[in-house]
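Under the numbering used here, the first residue of the sequence shown is numbered 1, with each subsequent residue one higher.
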Amino acid sequence: MGAAALAGCAPAGKALLPPGELLGMSHIRGHRLRDGGFPAPSEIRKTGVLIVGGGVSGLSAAWQLAKLAVDDFLVLEMESEAGGNSRAGQSPLVAYPWGAHYLPLPTREAIHVRELLADLGVLQGDPGAVKPSYDERYLCATPQERVYRNGLWEEGLLPHRGLDGAELAQQKRFHARMEELKQARGRDGRRLFAIPMALSSADPEWRTLDRITFRQWLNDNGFTAPTLHWLANYACRDDYGTAYDQVSAWAGLHYFACRNGEAANAAADAVLTAPDGNAWLARGLAQKAGDRVMTGATVWRIEEGKSSVAVDVLMGEKTVRFEARQLIWAAPAFVLPRVWPGIPGDLRLACLAGDYAPWLTANLHLSNFPEERYGAPAAWDNVFFDSPGLGYVTATHQLIRRRLSGTVLTYYRALHDVAPTEGRRLLLETSREAWAEGILAELEQVHPDIRKLTTRLDIFRNGHAMRRPVSGSLFHAQREKMADFRGRHITLAHADLSGFSLFEEAQYRGVQAGERARQMLNGRGSVAAAS
Numbered sequence: 001m002g003a004a005a006l007a008g009c010a011p012a013g014k015a016l017l018p019p020g021e022l023l024g025m026s027h028i029r030g031h032r033l034r035d036g037g038f039p040a041p042s043e044i045r046k047t048g049v050l051i052v053g054g055g056v057s058g059l060s061a062a063w064q065l066a067k068l069a070v071d072d073f074l075v076l077e078m079e080s081e082a083g084g085n086s087r088a089g090q091s092p093l094v095a096y097p098w099g100a101h102y103l104p105l106p107t108r109e110a111i112h113v114r115e116l117l118a119d120l121g122v123l124q125g126d127p128g129a130v131k132p133s134y135d136e137r138y139l140c141a142t143p144q145e146r147v148y149r150n151g152l153w154e155e156g157l158l159p160h161r162g163l164d165g166a167e168l169a170q171q172k173r174f175h176a177r178m179e180e181l182k183q184a185r186g187r188d189g190r191r192l193f194a195i196p197m198a199l200s201s202a203d204p205e206w207r208t209l210d211r212i213t214f215r216q217w218l219n220d221n222g223f224t225a226p227t228l229h230w231l232a233n234y235a236c237r238d239d240y241g242t243a244y245d246q247v248s249a250w251a252g253l254h255y256f257a258c259r260n261g262e263a264a265n266a267a268a269d270a271v272l273t274a275p276d277g278n279a280w281l282a283r284g285l286a287q288k289a290g291d292r293v294m295t296g297a298t299v300w301r302i303e304e305g306k307s308s309v310a311v312d313v314l315m316g317e318k319t320v321r322f323e324a325r326q327l328i329w330a331a332p333a334f335v336l337p338r339v340w341p342g343i344p345g346d347l348r349l350a351c352l353a354g355d356y357a358p359w360l361t362a363n364l365h366l367s368n369f370p371e372e373r374y375g376a377p378a379a380w381d382n383v384f385f386d387s388p389g390l391g392y393v394t395a396t397h398q399l400i401r402r403r404l405s406g407t408v409l410t411y412y413r414a415l416h417d418v419a420p421t422e423g424r425r426l427l428l429e430t431s432r433e434a435w436a437e438g439i440l441a442e443l444e445q446v447h448p449d450i451r452k453l454t455t456r457l458d459i460f461r462n463g464h465a466m467r468r469p470v471s472g473s474l475f476h477a478q479r480e481k482m483a484d485f486r487g488r489h490i491t492l493a494h495a496d497l498s499g500f501s502l503f504e505e506a507q508y509r510g511v512q513a514g515e516r517a518r519q520m521l522n523g524r525g526s527v528a529a530a531s
């Protein structure tokens, strides 16, 4: 069932639909930037560093500034709460995610992630250790994942039941190749696929993979097994919101080969999670900012001067002008040209060059656990093999030792099967009832009693969830222009600078921007660009 078909489903019986809300990123505030008509500034405030965007990048910039003993900063967030794609909700029973919901064991290159986890007491001991120990409350409880295929659940993510020897052999060869790529280095001595991606090898031989799609790479290398193509497509839909026949082969391989983190007390494929997904990480970053995070603040004009930058911000019904010595733009790149009339022409083109994947998330509040089909037992991540959605995570899985009467399932759906503009139109125009009916009909194929157990079903829409790493977009002058930009008073910080949205990427770009802002405040120039 395609996105348009699902969105067009009319409620089969309104009495069977549970109550709920239609939520999401504020398109009304966003569209006002396009339409204009803001009041003139009625107040002026001064600050050292102004951070625009309270997602992971902006909060990471604030976290880094605080670590560097810079306390004269503010974070402005347009939405009603900070956290970006790591926001969460709370029910009387349990917290639950609205977006990002796990963090793989951080690699040694992702030292800032490790330092944050150490700050939060989750990583125990030396953040630079090869195999640190982690607080077991945040290590995903087992079973971690399963996949539903042909009426049965199978343990793990890659299906294996009923396959012939040739397909199983291809699966084994694929895994072996990914293990090789995890260790492989380019001619510059760097790992081919590192995270953060800016630390990967710049070897041209490997960067040319950006010119083809991941699907083409699989076929070119003899990986033709249907289950492998499903896995590759699932991975790209899950992390990039885009089908594998559009995703850069470099990005597709990065998904499988960049992470080689290990733990003293967990398997290498373990992930860190919590009932509220990654919201605990966003809160941990925000702790350093304290009350310097201001929500409901819409930046609508930026003007760079000789010694400072003026930023006009709609707060309620009035405009406040902030005069800052340094500005960190940690909001999505495509918004910047709308609010900065003096943006350099080449940077403007770079910010507008990419597109964004539209996403739909739903939280289903259940009075009891749903009926199970045959096969592998209930897991944290429950993936559907042949379905428009990606599946769901179970918020109460981390509370497995508690006896609970109900649960919350978080359902994920990337609208990858229509053009992004069409996906955004569907998100904007489709009713909650139509989405709810389509989701319940899909889940009923797996859990026949899901409809009668669902007491509430909320829909969350994100029209610009993540920048799409389509072929040709990563090692292109336009993305690199954003990553390398160094203004006199303006620094960019967002996962858009990496070309795809992952926690490690967003945090790295925020930390880099925080370091540069501190150096510029001290009159010491800029940190080296890393693209």
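Glycine included, each C-beta is placed from N, C-alpha and C at the ideal position.
Which same chain residues, not among the five before or five after V70, have their C-beta less than 6 Å away from its C-beta? R518
Secondary structure at Q507, three-state DSSP: helix, strand or coil? helix
Nearest to H494 by alpha carbon, out of E303, A330 and A232? Comparing C-alpha distances from H494 to each of E303, A330 and A232 shows the shortest one belongs to A330.
Three CB pairs or more closer than 8 Å across the region 48-56 and the region 277-297: yes
Going by alpha carbons, who is nearest to E303 out of A289, E323 and S248? If we check each option's Cα against that of E303, E323 comes out closest.
Give me the Cβ distance between C236 and F214, rounded to the nearest whole Å; I'm assuming they're in contact under 8 Å. 6 Å
Since L457 and A441 should fall inside the 8 Å C-beta cutoff, what is the C-beta to C-beta distance between them, to a whole number of angstroms? The Cβ separation is near 12 Å, so there is no contact.
Quick one, which of D72, N522, R34 and V446 has its alpha-carbon nearest A289's? D72
What residue does the beta strand (DSSP E) around N382 start on, and which one ends it? D381 to F384
Could you have a look at P41 and say whether DSSP puts it in helix, strand or coil? strand
Just the C-alpha distance for L539 and Q478, rounded to the nearest angstrom, thanks. This structure gives no information on residue 539, because the portion of the chain shown stretches from 1 to 531.
Which residues in the same chain have their Cβ closer than 7 Å to the Cβ of D355, if we skip the five residues on either side of it in sequence? P420 and R468
So is P388 buried or exposed if we call it buried at 16+ other beta carbons inside 10 Å? buried
Smallest Cα separation from P204: which of P196, R190, Q216 and I195? Shortest Cα-Cα distance from P204 to any of P196, R190, Q216 and I195 involves R190.
Would you check whether the ligand PLP has a heavy atom nearer than 6 Å to the C-beta of M25? As for the ligand PLP, it is missing from this structure, which has no ligand bound.
Since D276 is in the alpha helix (DSSP H), which residue starts that stretch and which ends it? Careful: D276 lies outside any alpha helix (DSSP H) and carries neither H nor E.
Going by C-alpha distance, which of G406, R146 and S431 is nearest Y374? Of G406, R146 and S431, the smallest CA-CA separation from Y374 is found for R146.
For F73, which three-state DSSP category applies? strand
Can you tell which of G48, L218, Q64 and R34 has the C-alpha that lies nearest to the C-alpha of Y508? Q64
How is D458 classed by DSSP in three states: helix, strand or coil? strand
How many angstroms separate the CA atom of R114 from the CA atom of A264? For R114 and A264, the distance between alpha carbons rounds to 14 Å.
Tell me the rounded alpha-carbon separation between E317 and I28. 14 Å
Who are the Cβ neighbours of Y102 in its own chain at under 6 Å, not counting the five residues just before and after it? V271 and T273
In the DSSP assignment, what residue or residues form a beta bridge with S133? Q124.
DSSP on F369, reduced to helix/strand/coil? coil
When the Cα atoms are used, what is the spatial distance from V418 to E167? 30 Å
Applying the criterion that 16 or more other CB atoms from any shown protein chain within 10 Å of the CB defines a buried residue, is P159 buried or exposed? Flag for P159 reads buried.
Do L93 and R451 count as a contact pair if the criterion is CB distance below 7 Å? no
Name the one or two DSSP bridge partners that L116 has. In DSSP, L116 forms no bridge with anything.
Applying the criterion that 16 or more other CB atoms from any shown protein chain within 10 Å of the CB defines a buried residue, is G20 buried or exposed? buried
For R96: DSSP bridge partner residues: Going by the sequence as given, residue 96 is Tyr instead of Arg. According to DSSP, which records beta bridges pairwise, Y96 is partnered with G89.
Could you check how far apart the C-beta atoms of Y96 and V446 are, in whole angstroms? I think they sit under 8 Å. Rounded, the Cβ-Cβ distance is 19 Å, inconsistent with contact.
Quick check: the Cα distance between P377 and R259, rounded to an integer number of angstroms? One C-alpha to the other measures close to 27 Å.
Quick check on I400: buried or exposed, where buried means 16 or more other Cβ atoms within 10 Å of its Cβ? exposed
Sort out for me which residues DSSP pairs D291 with in a bridge. Bridge partners of D291: none, in fact.
Which of the three DSSP states, helix, strand or coil, is assigned to R479? helix
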